[in-house]
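In the numbering used here, the protein residues as written are 304 to 622.
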């Protein structure tokens with residue numbers, strides 16, 4: 304016992320001396336928990352890595368994240384990167400994708416640019432992270448097959464997307480989930496074609512009649528035009544919010560419009576709003592958004608999508 308006491312006493316004394324000699328270099332604010340230097344003259348130059356580490360730490364705290372967004376927007380306004388009017392646009396939560404806007408063209412109206420958020424990033428959404436894992440593992444073949452099938456149809460389909468300013472990656476993502484890029488896909492509910500359009504919706508969009516023995520929903524060019532028209536209509540209605548557009552696409556536009564109105568047009572990712580969606584739609588929205596991200600930047604996700612210069616021709620067989 305005496306030996307233990309004798310050993311501990313010098314160690315305790317040494318530890319006490321170190322504490323007394325150690326000068327505090329930082330203080331932490333109780334509000335934002337962000338370290339601030341107490342001696343500006345001796346403060347080190349912040350590196351990019353240190354800045355990113357600080358931002359990551361700040362995003363873990365809701366108060367700090369809110370303050371950072373406010374400060375960043377104030378800085379953008381003061382430096383005239385954005386106008387004060389744009390900064391007053393409705394706020395959404397961190398996982399909101401309302402800043403994913405379609406471009407302006409002859410057939411679409413100008414959309415309001417929403418407030419800038421440093422944390423408005425699809426990668427911040429845990430549901431989308433999970434969906435990315437799906438596409439990059441067991442659903443990877445479906446993603447690549449959609450791309451490969453599309454190469455033979457692109458010449459006929461792309462003009463419709465360009466006409467309405469629809470992101471090609473967004474369209475591909477819908478096709479990947481709806482039909483896997485297979486032109487003649489049909490569901491038990493009666494939906495058909497690349498975009499799984501229901502008969503009633505097809506009639507409303509003017510996709511009626513037949514091309515030979517085939518329903519026009521199975522015509523890539525005609526169905527692409529109908530899908531682009533519908534998506535443009537919904538994008539304008541929901542001010543470019545792709546999450547809401549996808550929810551309406553999957554659950555039904557009338558049904559979702561009532562739900563959106565009941566929640567006063569708030570972000571779909573708000574818990575009370577999101578969990579009122581049908582179960583299938585709750586899965587559908589993040590899955591399509593995740594596929595869109597991969598099609599937009601395949602190299603980032605280690606996905607190889609080779610382009611193919613191809614065109615379709617009509618072959619008439621002898622009767």
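Glycine included, every Cβ here is placed at the ideal spot set by N, Cα and C.
Keep in mind that this is a model prediction, so the values were computed, not measured.
- By the neighbour-count criterion, in which a residue is buried when 16 or more other Cβ atoms sit within 10 angstroms of its Cβ, residue 450 is buried.
- Within 10 angstroms of the beta-carbon of residue 519 lie 16 or more other beta-carbons, which makes it buried.
- Residue 491 carries a coil assignment under DSSP once its states are collapsed to helix, strand and coil.
- For residue 459, the enclosing alpha helix (DSSP H) stretches over residues 457-467.
- No residue range can be given for residue 520, since it is assigned to no alpha helix (DSSP H) and is classified by DSSP as neither H nor E.
- Where residue 557 is concerned, the enclosing alpha helix (DSSP H) starts and stops at 556-565.
- For the pair residue 476 and residue 591, the CB atoms are nearer than the 7 Å cut-off.
- Counting C-beta pairs closer than 8 Å gives three or more between the stretch 591-604 and the stretch 428-447, which meets the contact rule.
- With respect to the 7 Å criterion, residue 472 and residue 589 are not classified as neighbours on the basis of their beta carbons.
- Closest option to residue 576, judged by alpha-carbon separation, among 497, 561 and 566: 566.
- If you draw a 10 Å sphere on the C-beta of residue 612, you find fewer than 16 other C-beta atoms in it, and that means exposed.
- Ranked by Cα distance from residue 539, the options 528, 468 and 487 are led by 468.
- Residue environment analysis places residue 544 among the buried positions, since at least 16 neighbouring C-beta atoms fall within 10 angstroms of its C-beta.
- Setting aside the 5 residues that flank it on each side, residue 541 is surrounded in the same chain by 547 and 548, each with a C-beta closer than 7 Å to its C-beta; the list follows chain order.
- Between the alpha carbons of residue 573 and residue 618 lies a distance of about 51 Å.
- For residue 451, the enclosing alpha helix (DSSP H) has its first and last residue at 443-454.
- Contact annotation: residue 486 and residue 455 have beta-carbon atoms that are not nearer than 7 Å.
- Residue pairing by DSSP places residue 500 opposite 495 in a beta bridge.
- Per DSSP, the continuous alpha helix (DSSP H) segment holding residue 439 begins and ends at 429-439.
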